Amino acid sequence: MPYYRRVGHVPPKRHTQHRRPDGGLYYEELVGEEGFSSDSSLLYHGGIPSALVAASEWQLPDQRTVPNAPLLPRHLRLHSLFDGERAAPVDVVTGRRLVLGNTDVRLSYVVADAPSPLYRNAIGDECVYVESGGGTVETTFGVLPFRSGDYVVLPRGTTHRWVPDAGTTVRAYVIEAEGHLAPPKRYLSRYGQLLEHAPYCERDLHGPAEPLVVTGGETEVHVRHRGAGAGGQAGTVHVQQRHPFDVVGWDGCLYPYTFNIADFEPITGRIHQPPPVHQVFEGNNFVICNFVPRKVDYHPLAVPVPYYHANVDSDEVMFYCGGNYEARKGSGIGQGSISLHPGGHSHGPQPGAYERSIGAEFFDELAVMVDTFRPLALGVAGQESEDPHYAWTWARQSGGTQ
């Protein structure tokens, strides 16, 4: 995170005594990245945070993948994954289904109507885009309210629980990193402040405002961690001696936060701007961008939709979550769709979209894009939700339109 926050009660100096009203000590925990050499926070617990009383294996949601072979552009209909009657309630953690993944990032989707168990991802940061619905994420740092259009960013190792609002269904697109996520470096000063040319600033990032102090005894926490399972991941259920939400205060530069896509200020120009102007976060070997409603190119001879392009170093994944995406008209893509355009295939607007866009002044579209620098494989949910006709849609034309 690019700036410091202080929440609740902390001592005047770090690594010094911090006492409870009864005279006993609070237990200080350092949560930090990159071996004490990057961002961190200090949390003050009522009990010892490492005290375990039991552990058992947790079978993760299906992590198997198959290569994108033969190499094709693909259309995946995510809403179809959760159609029909439910046999049991679904939560954001155990109900997520893997759509695409590689060794750097995994993309999942879930439609949830129940609270999740307490959960900790010990592999990497999570960035969850809330397509619709609202609720709260309870964390060791405090409570994060969330709403439609929020990115919920959860640093690696953050114990948390998703709680949808009563009677609400939450649709969530889950981006799980193998490492850490941050704002793009080009938008940050050398000291970490978001600069004037950045499309958002610290005021748009919303962290916990006060501690969430929960008292209680033995508590289960589901942990995703490195292991010998599919994708090199495994799961364990830890039973902690005390509830982990016993933090009375914390301070530092590492914590969960929300950022709403409506607070992203689009960068536009006289001619078509390349995708990096839409970037919102970056991780190891991948970036996250969002395409928001915006004024489009205003050169008198501009063609507002993207030019055809071959991203020779990356796979491009677009999640369509609002508005009307001009470049994909006639392809079958709609709300809740994902397009996968892999490296090795030139892609661009559907037939007719190039011509129809001339003279447009505004695009009312909303999409979250992930570009990866290693090839993506298809998860079971990706295979189940595929539209088999998409790869051939550029070749099927009638009078210049699809």
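Here the sequence shown is numbered in our numbering, starting from 2 and rising by one per residue.
Even glycine gets a Cβ: it sits at the ideal position worked out from N, Cα and C.
These figures come from a predicted structure and were not determined experimentally.
Among Tyr174, Arg87, Leu61, nearest to Thr95 - alpha-carbon criterion:
Ranking Tyr174, Arg87, Leu61 by Cα distance to Thr95 puts Leu61 first.
| query | Is any beta-carbon of chain C found at less than 8 Å from that of Tyr355? | reply | Considering every chain present, this structure includes no chain C. It has just one protein chain.
Legend entry - Start and end residues, beta strand (DSSP E) containing Ala56: Where Ala56 is concerned, the enclosing beta strand (DSSP E) stretches over 53-59.
- request: Please list, in chain order, all residues of the same chain as Glu34 whose beta carbon is under 8 Å from its beta carbon, the five residues on each side excluded.
  value: Excluding residues within five positions, the ones whose Cβ falls inside 8 Å are Asp40, Ser41, Pro156, Arg157, His181, Leu255.
Next on the checklist: Quick check: does the Cβ of Cys202 come within less than 7 Å of any heavy atom belonging to the ligand ADP?
Outcome noted: This structure does not include the ligand ADP; it has no bound ligands of any sort.
**Message:** Could you check whether the region 245-253 touches the region 278-293, counting it as contact only if at least three pairs of C-beta atoms, one from each stretch, sit closer than 8 Å?
**Reply:** Under the three-pair Cβ rule at 8 Å, the region 245-253 does not count as touching the region 278-293.
- With DSSP collapsed to three states, give me the class of Gly47. In the structure shown, Gly47 sits in coil (DSSP, three-state: anything other than H, G, I, E or B).
Original post:
With distances taken between CB atoms, is the gap from Gly284 to Asp151 smaller than 8 Å?
Top reply: In terms of Cβ geometry, Gly284 and Asp151 do not form a close pair [threshold 8 Å].
message: Rounded to the nearest angstrom, what separates Ser399 and Cys290 at their Cα positions?
response: Low confidence applies to Ser399: its pLDDT is 40, below 50, so where it sits in the model is not reliable enough to give any reading.
| query | Less than 8 Å separating the beta-carbons of Gly134 and Arg172? | reply | Closer than 8 Å, so yes.
Along the beta strand (DSSP E) that carries Glu366, what are the first and last residues, could you check?
The continuous beta strand (DSSP E) containing Glu366 extends over residues 366-373.
Next on the checklist: Taking the alpha-carbon of Ala263 as reference, which of His161, Phe37, Leu206 has the nearest alpha-carbon?
Outcome noted: With distances taken between Cα atoms, Ala263 lies closest to Leu206.
| Helix, strand or coil for Trp393 per DSSP? | Per DSSP, reduced to three states, the secondary structure at Trp393 is helical.
Practice task
With distances taken Cα to Cα, identify the nearest neighbour of Asp63 among Gly232, Gly353, Asp372, His342.
Solution key: Comparing Cα positions, the closest option is Gly232.
| Are Arg375 and Asn103 closer than 8 Å when you measure CB to CB? | A distance below 8 Å separates the beta carbons of Arg375 and Asn103.
Exercise. From Asn325, Gly360, Ala392, pick the residue whose C-alpha is nearest to that of Ala341; which is it?
Worked result: Contrary to the premise, residue 341 reads as Leu rather than Ala in this sequence. For the residues Asn325, Gly360, Ala392, the minimum Cα distance to Leu341 belongs to Ala392.
Query raised in the report: How is Ser338 classed by DSSP in three states: helix, strand or coil?
Result: Reduced to three states, the DSSP call for Ser338 is strand.
Other residues of its chain near His80: CB distance less than 6 Å, five sequence neighbours each side excluded: A distance below 6 Å between beta-carbons, with the five flanking residues on each side excluded, links His80 to the following residues of its chain, in chain order: Gly337.
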